[in-house]
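Chemist: I'd like to ask some things about the structure below.
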Amino acid sequence: MKHRDSKAVMWRDLRFMLMAMLASALLAGCGSSSSTAPPTSEGSANTTSCDASESTSQTDDDCGEVFVGLTDAEGDFATYTVDVRSLTLVRSDGVVVETLPTQTRVDFAEYTELTEFLTAASVPPGTYVAGSIHLDYSDAEVYVEKGDDFVPATVVDANGQAIADAEFEILLDNRRQLVVRRGIPSLLTIDFDLAASHEVDLSTSPATATAEPYLIAEVDPVDAKTMRLRGPLISVSLDESAYAVRIRPFHDRDTSFGRARVNTDANTEFEVDGVTYEGEAGLEAMTRLATGSPTLAFGELSVIDRSFLATEVYAGSSVPGYDFDVIRGNVIERTGNRLKVRGAIIVPRQGRARFHRTATVLVDEGTKVLRRGHDSANLGINAISVGQRINAFGSVTADPDDGIVLDATEGRVRMLMTRLNGLVNSVFPGQIDIALQSIDRRPIRIFDFTGTGLSEAVDADPDNYEIATGALDNASLSEGAAVKVFGFVNSFGEAPPDFEARSFADYSDSRAMLAIGWGPNGTTAPFADLGPDGMLLDLSNPEIGGRHYIRQGDVFIDLLGLSAAPVIAPNPERPGVYAIKQGNRIWIHSDFALFTSDLAARLDGNTRVRGMYAKGGYEADASLFLSTRIGVIVD
Numbered sequence: 000m001k002h003r004d005s006k007a008v009m010w011r012d013l014r015f016m017l018m019a020m021l022a023s024a025l026l027a028g029c030g031s032s033s034s035t036a037p038p039t040s041e042g043s044a045n046t047t048s049c050d051a052s053e054s055t056s057q058t059d060d061d062c063g064e065v066f067v068g069l070t071d072a073e074g075d076f077a078t079y080t081v082d083v084r085s086l087t088l089v090r091s092d093g094v095v096v097e098t099l100p101t102q103t104r105v106d107f108a109e110y111t112e113l114t115e116f117l118t119a120a121s122v123p124p125g126t127y128v129a130g131s132i133h134l135d136y137s138d139a140e141v142y143v144e145k146g147d148d149f150v151p152a153t154v155v156d157a158n159g160q161a162i163a164d165a166e167f168e169i170l171l172d173n174r175r176q177l178v179v180r181r182g183i184p185s186l187l188t189i190d191f192d193l194a195a196s197h198e199v200d201l202s203t204s205p206a207t208a209t210a211e212p213y214l215i216a217e218v219d220p221v222d223a224k225t226m227r228l229r230g231p232l233i234s235v236s237l238d239e240s241a242y243a244v245r246i247r248p249f250h251d252r253d254t255s256f257g258r259a260r261v262n263t264d265a266n267t268e269f270e271v272d273g274v275t276y277e278g279e280a281g282l283e284a285m286t287r288l289a290t291g292s293p294t295l296a297f298g299e300l301s302v303i304d305r306s307f308l309a310t311e312v313y314a315g316s317s318v319p320g321y322d323f324d325v326i327r328g329n330v331i332e333r334t335g336n337r338l339k340v341r342g343a344i345i346v347p348r349q350g351r352a353r354f355h356r357t358a359t360v361l362v363d364e365g366t367k368v369l370r371r372g373h374d375s376a377n378l379g380i381n382a383i384s385v386g387q388r389i390n391a392f393g394s395v396t397a398d399p400d401d402g403i404v405l406d407a408t409e410g411r412v413r414m415l416m417t418r419l420n421g422l423v424n425s426v427f428p429g430q431i432d433i434a435l436q437s438i439d440r441r442p443i444r445i446f447d448f449t450g451t452g453l454s455e456a457v458d459a460d461p462d463n464y465e466i467a468t469g470a471l472d473n474a475s476l477s478e479g480a481a482v483k484v485f486g487f488v489n490s491f492g493e494a495p496p497d498f499e500a501r502s503f504a505d506y507s508d509s510r511a512m513l514a515i516g517w518g519p520n521g522t523t524a525p526f527a528d529l530g531p532d533g534m535l536l537d538l539s540n541p542e543i544g545g546r547h548y549i550r551q552g553d554v555f556i557d558l559l560g561l562s563a564a565p566v567i568a569p570n571p572e573r574p575g576v577y578a579i580k581q582g583n584r585i586w587i588h589s590d591f592a593l594f595t596s597d598l599a600a601r602l603d604g605n606t607r608v609r610g611m612y613a614k615g616g617y618e619a620d621a622s623l624f625l626s627t628r629i630g631v632i633v634d
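All residue numbers for the sequence shown refer to numbering that gives the first Met the number 0, where the first residue is 0 and numbers rise by one.
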């Protein structure tokens with residue numbers, strides 16, 4: 000996402016180029032490639048060759064099955080909720096297949112760290128080469144960050160007109176198309192990159208988000224995220240260590256989007272009606288639930304055998320929005336038994352989920368507190384501290400002074416995995432200290448850490464936030480490195496340490512973004528070196544514009560502040576997509592050497608480069624950016 004009043008800017012010309020990269024995502028071969036959707040057959044939409052409904056007479060032998068997942072790249076939207084009206088696939092012979100039985104409401108901003116199962120569609124076997132997704136913005140709920148607050152935004156098109164609905168074409172790479180066979184499930188993931196698809200103007204009221212959306216469709220994606228699967232229970236099999244559900248994405252309460260099997264094992268953690276279990280005991284507890292009881296699972300999907308193995312399962316009243324109203328967000332302040340929660344998603348027992356800037360949660364000794372990986376029946380309310388991400392279960396009321404209030408005094412609070420972003424200050428055996436930049440993408444300045452320490456003198460200090468890493472190997476982390484940490488905030492009044500890490504990662508491997516521009520007139524000399532092994536930017540070029548950064552999560556590194564320009568090279572262990580846009584044509588390469596050769600041939604001393612964008616991993620110590628995607632705009 001780009002802000003006109005921020006250095007974190009993505010430029011519009013790049014959008015057109017990235018749209019073409021849809022057709023070449025994860026190219027397997029060398030050289031250039033393009034993909035064109037076939038003409039659709041007259042009257043072929045919503046084909047009934049296969050039917051995913053409960054009453055279908057078709058058998059698995061007649062149909063193939065496609066699991067469709069939704070995900071999103073890193074961005075700054077607090078919520079981006081729209082209705083998905085349609086998702087079609089186009090077969091190579093032009094037949095169009097609708098995969099959704101009805102529209103469903105989706106918050107794309109939730110999907111930066113996970114992929115949601117959208118549907119399991121029964122479709123005719125064949126090779127699918129394209130498709131489309133239809134989004135309805137007429138009742139959209141979109142909020143963006145502005146300073147310490149979240150503000151509503153209106154999504155508009157390039158002409159400044161509010162978008163009511165929009166349909167986007169999805170082109171699959173002609174070397175990596177979706178092949179559907181009888182009896183073998185296929186997986187298609189659609190990545191709606193909010194950050195690269197929008198230009199946000201915060202100076203207007205409401206803010207405006209100019210959309211030029213692009214979506215990346217990948218078959219069996221290489222970079223797998225945790226997958227989330229929701230839906231009412233159909234059956235449980237203790238013998239097979241599995242249960243079956245009807246898929247209902249996001250918070251849909253009525254429609255079935257196909258069926259799915261959820262496998263479990265001895266390590267699967269369960270919470271059923273507020274009681275925690277592990278392994279077979281949890282599955283046995285699910286046998287006591289009525290058919291149709293809500294379920295929610297997180298886990299991994301094997302692209303080899305297309306089986307879904309759950310690591311976490313929630314069922315019955317443990318699923319938000321059924322027996323209790325639920326507020327999800329981060330605790331930014333605690334005063335006694337009052338928790339101030341920012342960026343709250345409210346999931347009511349009746350009605351649909353809504354975003355709210357701030358809410359208050361009331362707890363007392365009657366509140367049950369649970370946490371994944373902790374076998375205690377109740378951790379107690381002192382376990383909830385500032386920064387912790389929570390689901391609070393109770394009853395929502397409106398207070399004239401406090402706004403939205405959830406009374407959880409007779410309910411419960413589930414502590415959720417919390418994400419930190421920051422820069423490493425120091426590394427010790429069993430501990431790292433970081434300069435904390437954000438918590439779950441919320442700016443650190445909104446958090447009040449008063450009362451978090453054993454005494455006021457040792458309250459959590461965001462400039463030197465102490466993280467216990469336990470047995471995790473932290474030797475690879477170095478001072479000054481950007482790091483992402485997942486875990487739980489230490490109990491209120493018991494810091495230090497301030498945080499207990501479950502996992503962490505730097506940005507040397509993936510998910511870093513590099514962006515640089517040379518103004519509207521461009522430059523004839525963007526590179527100090529350009530060859531088959533890498534690219535080196537000339538950071539002394541006076542024509543460099545306002546865009547010159549590497550982004551690692553919520554951390555921005557000014558390229559002009561580096562002692563040396565990083566070498567931009569291909570990642571030897573991952574496939575890459577490299578694009579050159581010149582005029583109205585785009586050339587796509589999957590071979591880095593061919594890409595740089597092509598680019599060098601164009602830079603004849605007269606051709607000007609206006610912008611460049613790359614994604615991959617950044618190794619600060621080695622001054623190396625290992626790219627998986629690069630785009631260059633030339634005149």
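Glycine included, each C-beta is placed from N, C-alpha and C at the ideal position.
I think Thr111 touches Thr188, with their Cβ atoms under 8 Å apart; what is that distance to the nearest whole Å?
Modeler: Position 112 of the sequence shown, counted from the first residue, corresponds to residue 111. Position 189 of the sequence shown, counted from the first residue, corresponds to residue 188. Going by Cβ atoms, the distance from Thr111 to Thr188 rounds to 14 Å, so no, they are not a contact pair.
Chemist: Is there a C-beta anywhere in chain B that falls below 8 Å from the one on Arg258?
Modeler: Included in the structure is just one protein chain, with no chain B present.
Chemist: What residue does the beta strand (DSSP E) around Gly130 start on, and which one ends it?
Modeler: For the purposes of this step, residue 130 is taken as the residue at position 131 of the sequence shown. Where Gly130 is concerned, the enclosing beta strand (DSSP E) stretches over Gly125 to Lys145.
Chemist: With C-beta atoms as the reference, is Ser234 less than 8 Å away from Asp272?
Modeler: Numbered from 1 along the sequence shown, position 235 holds the residue referred to as residue 234. Numbered from 1 along the sequence shown, position 273 holds the residue referred to as residue 272. No, they are not a contact pair.
Chemist: Please classify Asn266: is it buried, with 16 or more other beta-carbons within 10 angstroms of its beta-carbon, or exposed?
Modeler: Walking along the sequence shown from the start, residue 266 turns up at place 267. Its Cβ having fewer than 16 others within 10 Å, Asn266 is exposed.
Chemist: Measuring only the C-alpha atoms, how far is Gly410 from Val631?
Modeler: In the sequence shown, residue 410 corresponds to position 411, counting from 1. In the sequence shown, residue 631 corresponds to position 632, counting from 1. Approximately 54 Å between the Cα atoms of the pair.
Chemist: Between Leu529 and the rest of its own chain, which residues show a CB-CB distance below 7 Å, the 5 nearest in sequence each way excluded?
Modeler: As a first step, residue 529 must be located in the sequence shown, where it is residue number 530. Within the same chain, Leu529 has close Cβ partners Thr595, Leu598 and Ala599.
Chemist: Please state the DSSP three-state secondary structure of Asp597.
Modeler: The residue given as residue 597 occupies position 598 in the sequence shown. In the structure shown, Asp597 sits in a helix (DSSP, three-state: H, G or I).
Chemist: Ile380 by DSSP, collapsed to three states: which one?
Modeler: Taking the sequence shown and counting its residues from 1, one reaches residue 380 at position 381. Correct three-state label for Ile380: helix.
Chemist: By alpha-carbon positions, which one of Gly452, Phe427, Ser454 and Asp462 ends up nearest to Pro442?
Modeler: Position 443 of the sequence shown, counted from the first residue, corresponds to residue 442. If we check each option's Cα against that of Pro442, Asp462 comes out closest.
Chemist: Tell me whether Glu64 is buried or exposed, calling it buried when 16 or more other Cβ atoms sit within 10 Å of its Cβ.
Modeler: Here residue 64 refers to the residue found at position 65 when the sequence shown is read from its first residue. Classification for Glu64: buried.
Chemist: In angstroms with no decimal places, state the Cα-to-Cα distance between Leu13 and Tyr612.
Modeler: Sequence index remark: in the sequence shown, residue 13 carries index 14 (1-based). Sequence index remark: in the sequence shown, residue 612 carries index 613 (1-based). Low confidence applies here, because Leu13 scores a pLDDT of 43, under 50, leaving its location unreliable; read the following figure in that light. Those two C-alpha atoms are separated by around 8 Å.
Chemist: Pick out whichever of Val95, Ile380 and Met226 has its Cα sitting closest to the Cα of Val312.
Modeler: Translated into positions along the sequence shown, residue 312 becomes position 313. Ranking Val95, Ile380 and Met226 by Cα distance to Val312 puts Met226 first.
Chemist: Going by DSSP in three states, Asp462 sits in which element: helix, strand or coil?
Modeler: Walking along the sequence shown from the start, residue 462 turns up at place 463. Residue state, collapsed to three classes: helix.
Chemist: Do the CB positions of Pro569 and Ser502 come within less than 8 Å of each other?
Modeler: For the purposes of this step, residue 569 is taken as the residue at position 570 of the sequence shown. For the purposes of this step, residue 502 is taken as the residue at position 503 of the sequence shown. In this structure, Ser502 does not lie closer than 8 Å to Pro569 by Cβ.
Chemist: Assuming the contact rule is C-beta atoms closer than 8 Å, Ala480 and Asp505 should be a hit. Round their C-beta distance to whole Å, please.
Modeler: Your numbering for residue 480 matches position 481 in the sequence shown. Your numbering for residue 505 matches position 506 in the sequence shown. Contact flag correct, Cβ pair sits at about 5 Å.
Chemist: Alpha carbon to alpha carbon, how far is Gln551 from Pro123?
Modeler: What you label residue 551 is simply residue 552 of the sequence shown in a count that begins at 1. What you label residue 123 is simply residue 124 of the sequence shown in a count that begins at 1. Those two C-alpha atoms are separated by around 42 Å.
Chemist: Determine the extent of the alpha helix (DSSP H) in which Gly281 is found, giving its start and end residues.
Modeler: As a first step, residue 281 must be located in the sequence shown, where it is residue number 282. It spans Glu279 to Met285 - the alpha helix (DSSP H) in which Gly281 sits, taken as one unbroken run.
Chemist: How many Å lie between Pro574 and Ser589 at the Cα?
Modeler: As a working note, residue 574 is residue 575 in the sequence shown. As a working note, residue 589 is residue 590 in the sequence shown. Going by the C-alpha atoms only, they are around 7 Å apart.
Chemist: Going by Cα to Cα distance, which pick from Pro293, Ala500, Thr417 and Gly616 is closest to His250?
Modeler: Stepping through the sequence shown from its first residue, residue 250 is reached at position 251. The shortest Cα separation from His250 among Pro293, Ala500, Thr417 and Gly616 belongs to Pro293.
Chemist: When burial is assigned at 16 or more other CB atoms within 10 Å of the CB, is Gly372 buried or exposed?
Modeler: Numbered from 1 along the sequence shown, position 373 holds the residue referred to as residue 372. Per the 10 Å Cβ criterion, exposed.
Chemist: Does DSSP put Gly315 in a helix, a strand or coil?
Modeler: Against the sequence shown, residue 315 aligns to sequence position 316. DSSP places Gly315 in helix when its eight states are reduced to three.
Chemist: Taking its Cβ as the centre, do 16 or more other Cβ atoms sit within 10 Å of Gly30, making it buried, or is it exposed?
Modeler: The count along the sequence shown starts at 1 and reaches residue 30 at position 31. Because the pLDDT at Gly30 is just 38, under 50, the model does not fix this residue reliably, and the point stays unresolved.
Chemist: For my contact list, Thr366 and Thr334 are in at a C-beta cut-off of 8 Å; report their separation, rounded to the angstrom.
Modeler: By 1-based counting over the sequence shown, the position of residue 366 is 367. By 1-based counting over the sequence shown, the position of residue 334 is 335. That pair is no contact at about 16 Å.
Chemist: Assuming Gly328 and Val340 form a contact by the criterion Cβ under 8 Å, report the distance between their Cβ atoms to the nearest whole angstrom.
Modeler: Along the sequence shown, read from residue 1 onward, the residue named residue 328 stands at position 329. Along the sequence shown, read from residue 1 onward, the residue named residue 340 stands at position 341. 4 Å between Cβ atoms; contact.
Chemist: Taking Pro293 as part of the beta strand (DSSP E), name the residues at either end of that continuous run.
Modeler: One-based indexing of the sequence shown puts residue 293 at position 294. Run containing Pro293: Pro293 to Leu300, per the beta strand (DSSP E) assignment.
Chemist: Tell me which residues share the same chain as Asp148 and place their Cβ nearer than 8 Å to its Cβ, disregarding the 5 neighbours each side in the sequence.
Modeler: Numbered from 1 along the sequence shown, position 149 holds the residue referred to as residue 148. Same-chain partners within the cutoff: Arg356.
Chemist: I'd like to check one pair, Phe498 with Met416: are the Cβ atoms closer than 8 Å?
Modeler: Position 417 of the sequence shown, counted from the start, is the residue given in the question as residue 416. Position 499 of the sequence shown, counted from the start, is the residue given in the question as residue 498. Cβ distance not < 8 Å, so Met416 and Phe498 don't count as in contact.
Chemist: Would you mind sorting Gly315 into buried or exposed? The rule is 16 or more other CB atoms within 10 Å of its CB.
Modeler: Stepping through the sequence shown from its first residue, residue 315 is reached at position 316. Counting Cβ neighbours within 10 Å, Gly315 comes out buried, since at least 16 surround it.
Chemist: Return the Cβ separation of Ile295 and Arg229 in integer angstroms, given the expectation that the two are a contact with Cβ distance under 8 Å.
Modeler: Translated into positions along the sequence shown, residue 295 becomes position 296. Translated into positions along the sequence shown, residue 229 becomes position 230. In the sequence as displayed, the identity of residue 295 is Leu instead of Ile. Sure, about 5 Å apart at Cβ, within 8 Å.
Chemist: Apart from the five residues just before and just after Val646, which ones in its own chain have a Cβ nearer than 6 Å to its Cβ?
Modeler: Coverage of the chain is limited to positions 0 through 634, which leaves residue 646 absent and any answer about it impossible.
Chemist: Near Arg607, which residues of its chain fall below 8 Å by C-beta distance, leaving aside the five closest residues on each side in sequence?
Modeler: Position 608 of the sequence shown holds residue 607. Around Arg607: Trp517, Asn520, Gly521, Thr522, Thr523, Val633 and Asp634.
Chemist: Could you check the C-alpha separation between Thr58 and His133 for me, to the nearest Å?
Modeler: Indexing the sequence shown from 1 puts residue 58 at position 59. Indexing the sequence shown from 1 puts residue 133 at position 134. Any reading at Thr58 needs caution, since the residue's pLDDT is 42, under 50, leaving its predicted position unreliable; the model's value is listed next. Roughly 29 Å separates the two Cα atoms.
Chemist: Report yes if the CB atom of Ala108 is closer than 8 Å to the CB atom of Phe76, and no otherwise.
Modeler: Reading the sequence shown from its first residue, position 109 is the one you call residue 108. Reading the sequence shown from its first residue, position 77 is the one you call residue 76. Yes, they are a contact pair.
Chemist: Going by DSSP, what residues sit across from His355 in a beta bridge?
Modeler: Within the sequence shown, numbered from 1, the residue matching residue 355 stands at position 356. His355 is bridged to Ala343.
Chemist: Tell me the DSSP bridge mates of Gly530?
Modeler: On the sequence shown, residue 530 is found 531 positions in, with the first residue counted as 1. DSSP, once it has assigned bridges, lists Gly533 as partnering Gly530.
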